[in-house]
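Enquirer: Quick note, the sequences are listed as chains A and B, same order. For the record, in the first sequence the residue sitting at position 8 is 8 according to the numbering used here, with numbers rising by one throughout. The numbering used here runs 1000 ahead of the 1-based position in the second sequence. One structure, pasted below without further comment.
2 protein chains.
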Amino acid sequence: MSKKATSTKRERDPAATRQRLIDATVRLMLQQGFSGTSVDQICKAAGMTKGGFFHHFENKEALGTAAVEWWGQMGTALYAEAWKDTTLDPLEQLHRMFDIMVGFTRRPDEAACVCMVGMMSQEMSATNPAFQAACEKELNLWTANVARMLTAAKKRHKPKSKFDPVQVAWFLNSLWQGSMLVGKTCRSQELIRHNLKLARNYVDGLFQTN
Amino acid sequence: MSKKATSTKRERDPAATRQRLIDATVRLMLQQGFSGTSVDQICKAAGMTKGGFFHHFENKEALGTAAVEWWGQMGTALYAEAWKDTTLDPLEQLHRMFDIMVGFTRRPDEAACVCMVGMMSQEMSATNPAFQAACEKELNLWTANVARMLTAAKKRHKPKSKFDPVQVAWFLNSLWQGSMLVGKTCRSQELIRHNLKLARNYVDGLFQTN
DNA sequence: CTTTACATACCAACCGGTCTGTATGTCAAA
DNA sequence: TTTGACATACAGACCGGTTGGTATGTAAAG
């Protein structure tokens, strides 16, 4: 019984500390943007001093890209419920994805329906190539998944007329990003839901009703 | 002949100076965002010192809202070519609007197709109520114009099925904002054009073909 | 002579980042 | 099993530069 068996108070958990910094960053950035959020603020929110911060991240930019990546992973995990079951009718997959997106609009208070990728992209992608690349990667991933489902749907359902799944996927991605943007500006989650309704109908309208 | 008749060198033109400051702000903000753009930078770009700047604007926020308003006026002026002629078939008005939007994607180099309202909105609307209100106002204006045209189009063309012009207008506004966002991130003006093509087809599809 | 439109000089607060110090864990030699 | 060298994970003080903003001076216009 030489090994510490009980409740040795947990300090020195670098992975958790790093994650705490990322979590704080995401939370603050969604509210204030990247430039508007200082390292001091992040450290304070994560219960950490600046010395410790720069041990985990080379600079503020490194934290930013880490935050975008983390956001992407979290998003993918949330969408996975709709995407993973490849035996499902792809059109049904898309509908479940829309359900999930509607779910985002129903989340409580200020954890509202916003996207860090979209925000970071608008603010930084023109000046910071690393951020631009990170954001583009996440947008590509979302689009690729939607395009895959649309392509699969074309095989199971007769399309009403010709369409390019990739183009439609970008169309839907743009609409989704724009919806969150406008929804935030107009402080209306209902607006987002209306857009999602029309988008859903649009997708259904691509295929012949049975 | 006491009055200076010739070429009195133009100094002291406060209106022009103010506009120069706004122009510089717009140019810099489109590149770097609001927080990322400093007053010093703006002054330098406008050939002005900070003392002069704060004579024209109470603070940086006042300049920001002025810039958004200016952007809105400029936008309205650009869209006017499609909107003003109310005797025209409203569906044709919408098509001309789409033409104008496509035109934005063909502008040279780094005056690319981006929207200051969308950028400012993403970055600041969560924290700064003045900016949020200013951006919301501009979005409302665009939507109102599109909704008006859609409503008028319903009277002249039989709609294929029921739709709410206001909802569709917000749908299109969101798509437009999102297209510029994604287009910037992916550095692809063609992507925006594809989205506009699909949007155009979408609007056409609302009405019965003749 | 007053008002306006700037320029100049300056400020405290804050920025991202570095430096050094120290408590804690790891691991191998004794 | 103990010990001690070393790496890791932070804390805290500090740095030069920049931030938005101000106080003051001054020249031009009316």
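Heads up, the beta-carbon is just placed ideally off N, CA and C, and yes, glycines get one too.
Tell me where the alpha helix (DSSP H) around residue 1150(B) begins and ends.
Expert: Locating residue 1150(B) in the second sequence gives position 150, where the first residue counts as 1. Residue 1150(B) -> alpha helix (DSSP H) spans 1129 to 1156.
Enquirer: Starting from the beta carbon of residue 48(A), find every residue of chain B whose beta carbon is closer than 7 Å, and list them in chain order.
Expert: Within the first sequence, numbered from 1, the residue matching residue 48(A) stands at position 48. Neighbours of residue 48(A) in chain B, taken as residues at a C-beta separation under 7 Å, are lacking, since the least C-beta distance is about 23 Å.
Enquirer: Would residue 1190(B) and residue 1105(B) be called neighbours here (beta carbons separated by less than 9 Å)?
Expert: On the second sequence, residue 1190(B) is found 190 positions in, with the first residue counted as 1. On the second sequence, residue 1105(B) is found 105 positions in, with the first residue counted as 1. Contact flag set, yes.
Enquirer: Hey, residue 118(A) and residue 31(A): beta-carbon distance below 9 Å or not?
Expert: Here residue 118(A) corresponds to residue number 118 of the first sequence, with the count starting at 1. Here residue 31(A) corresponds to residue number 31 of the first sequence, with the count starting at 1. Taking C-beta atoms as the reference points, residue 118(A) and residue 31(A) fail to come closer than 9 Å.
Enquirer: How would you list, in chain order, the residues of chain A whose beta-carbon sits under 8 Å from the beta-carbon of residue 1170(B)?
Expert: The residue you call residue 1170(B) lines up with position 170 of the second sequence. In chain order: 182, 191, 194 and 195.
Enquirer: Should residue 1058(B) be labelled buried (16 or more other beta-carbon atoms within 10 Å of its own) or exposed?
Expert: Mapped onto the second sequence, residue 1058(B) falls at position 58. It counts as exposed.
Enquirer: Please confirm whether residue 126(A) has its beta-carbon closer than 9 Å to some beta-carbon of chain B.
Expert: In the first sequence, the residue the question calls residue 126(A) occupies position 126. With a threshold of 9 Å between beta carbons, residue 126(A) makes contact with chain B.
Enquirer: With three or more beta-carbon pairs closer than 8 Å as the criterion, would you say the region 116 to 131 of chain A touches the region 66 to 79 of chain A?
Expert: yes
Enquirer: The ligand HEM and residue 1034(B): does any heavy atom of the ligand fall closer than 8 Å to the residue's C-beta?
Expert: Among the components of this structure there are no ligands whatsoever, and the ligand HEM is therefore not found.
Enquirer: With 9 Å as the threshold, decide whether the Cβ of residue 1187(B) is near any Cβ in chain A.
Expert: To locate residue 1187(B), count along the second sequence from 1; it is residue 187. Chain A, which has a Cβ nearer than 9 Å to the Cβ of residue 1187(B), makes this yes.
Enquirer: Let me see if you follow: with CB-CB separation under 9 Å, is residue 200(A) close to chain B or not?
Expert: Numbered from 1 along the first sequence, position 200 holds the residue referred to as residue 200(A). So, not an interface residue.
Enquirer: Out of 154(A), 128(A), 170(A) and 113(A), which one is the CA nearest neighbour of residue 140(A)?
Expert: Start at 1 with the first residue of the first sequence, and residue 140(A) comes out as number 140. Per the Cα distances, 170(A).
Enquirer: Could you tell me whether any Cβ in chain A is nearer than 9 Å to the Cβ of residue 1097(B)?
Expert: Numbered from 1 along the second sequence, position 97 holds the residue referred to as residue 1097(B). Nearest CB-CB separation between residue 1097(B) and chain A: not below the 9 Å threshold.
Enquirer: In angstroms, rounded to a whole number, what distance separates the CA positions of residue 207(A) and residue 159(A)?
Expert: Taking the first sequence and counting its residues from 1, the one referred to as residue 207(A) is at position 207. Taking the first sequence and counting its residues from 1, the one referred to as residue 159(A) is at position 159. Straight-line Cα distance between these residues: approximately 4 Å.
Enquirer: Within its chain, find whatever has a CB closer than 7 Å to the CB of residue 182(A); leave out the 5 residues flanking it on each side and keep chain order.
Expert: Here residue 182(A) refers to the residue found at position 182 of the first sequence. Non-local beta-carbon contacts of residue 182(A) in its own chain, meaning distances under 7 Å to residues more than five positions away in sequence, involve 191 in chain order.
Enquirer: I'd like the list of long-range same chain contacts for residue 1061(B), defined as Cβ closer than 8 Å, with 5 residues on each side in sequence excluded.
Expert: One-based indexing of the second sequence puts residue 1061(B) at position 61. Same-chain partners within the cutoff: 1128, 1130 and 1131.
Enquirer: Using the C-alpha atoms, what's the distance from residue 35(A) back to residue 259(A)?
Expert: Any answer about residue 259(A) is impossible in this case: the structure gives chain A only from 1 up to 210.
Enquirer: Alpha helix (DSSP H) containing residue 1107(B): first to last residue?
Expert: As a position in the second sequence, residue 1107(B) is number 107, starting the count at 1. Neither: residue 1107(B) is in no alpha helix (DSSP H) and is coded neither H nor E.
Enquirer: Is there a C-beta anywhere in chain A that falls below 9 Å from the one on residue 1101(B)?
Expert: Residue numbering aside, residue 1101(B) sits at position 101 when the second sequence is read from its first letter. No, residue 1101(B) lies away from the interface with chain A (no Cβ there is under 9 Å from its Cβ).
Enquirer: Tell me the DSSP secondary structure of residue 207(A) in three-state form.
Expert: Locating residue 207(A) in the first sequence gives position 207, where the first residue counts as 1. DSSP places residue 207(A) in strand when its eight states are reduced to three.
Enquirer: Quick test of your reading: residue 1028(B) and residue 1019(B), contact by CB under 8 Å. State the CB separation rounded to the nearest angstrom.
Expert: Working through the second sequence from its first residue, we reach residue 1028(B) at position 28. Working through the second sequence from its first residue, we reach residue 1019(B) at position 19. Cβ-Cβ separation between residue 1028(B) and residue 1019(B): approximately 15 Å, too far for a contact (criterion under 8 Å).
Enquirer: Could you tell me the boundaries of the alpha helix (DSSP H) in which residue 68(A) lies?
Expert: In the first sequence, the residue the question calls residue 68(A) occupies position 68. Note, residue 68(A): alpha helix (DSSP H), 60 to 83.
Enquirer: Counting beta carbon pairs with one atom in the region 149 to 169 of chain A and one in the region 1144 to 1154 of chain B, are three or more of them shorter than 8 Å?
Expert: no
Enquirer: When you compare only the Cα positions, how much space is there between residue 93(A) and residue 113(A)?
Expert: On the first sequence, residue 93(A) is found 93 positions in, with the first residue counted as 1. On the first sequence, residue 113(A) is found 113 positions in, with the first residue counted as 1. Each residue's Cα considered, the two are about 21 Å apart.
Enquirer: By Cβ distance, which residues of its chain are closer than 8 Å to residue 1081(B), with the 5 residues on each side in sequence left out?
Expert: Residue 1081(B) sits at position 81 when you count from the first residue of the second sequence. Once the five neighbours on either side are set aside, the close Cβ partners of residue 1081(B) are 1096 and 1100.
Enquirer: Mind listing which residues of the region 1034 to 1067 of chain B have their C-beta closer than 7 Å to chain A's C-betas, in chain order?
Expert: Under the 7 Å Cβ criterion, the region 1034 to 1067 of chain B contributes 1035 and 1036.
Enquirer: Can you give the Cα-Cα distance for residue 1165(B) and residue 14(A), rounded to whole angstroms?
Expert: Here residue 1165(B) refers to the residue found at position 165 of the second sequence. Here residue 14(A) refers to the residue found at position 14 of the first sequence. Cα to Cα, residue 1165(B) sits roughly 54 Å from residue 14(A).
Enquirer: I need the straight-line Cα distance from residue 198(A) to residue 1174(B), nearest angstrom please.
Expert: Within the first sequence, numbered from 1, the residue matching residue 198(A) stands at position 198. Within the second sequence, numbered from 1, the residue matching residue 1174(B) stands at position 174. Going from the Cα of residue 198(A) to the Cα of residue 1174(B) covers about 12 Å.
Enquirer: Taking all protein chains shown into account, decide if residue 155(A) is buried (16 or more other Cβ within 10 angstroms of its Cβ) or exposed.
Expert: Locating residue 155(A) in the first sequence gives position 155, where the first residue counts as 1. It counts as exposed.
Enquirer: Closer than 9 Å, CB to CB, is residue 1123(B) near chain A or not?
Expert: On the second sequence, residue 1123(B) is found 123 positions in, with the first residue counted as 1. True, the Cβ-Cβ gap to chain A drops below 9 Å.
Enquirer: In whole angstroms, give me the CA-to-CA distance for residue 205(A) and residue 1202(B).
Expert: On the first sequence, position 205 is the one that residue 205(A) refers to. On the second sequence, position 202 is the one that residue 1202(B) refers to. So the two alpha carbons sit approximately 10 Å from each other.
Enquirer: Rank 89(A), 51(A) and 184(A) by C-alpha distance to the C-alpha of residue 109(A) and give the top, closest one.
Expert: By 1-based counting over the first sequence, the position of residue 109(A) is 109. Selected option, being the one with the closest Cα: 184(A).
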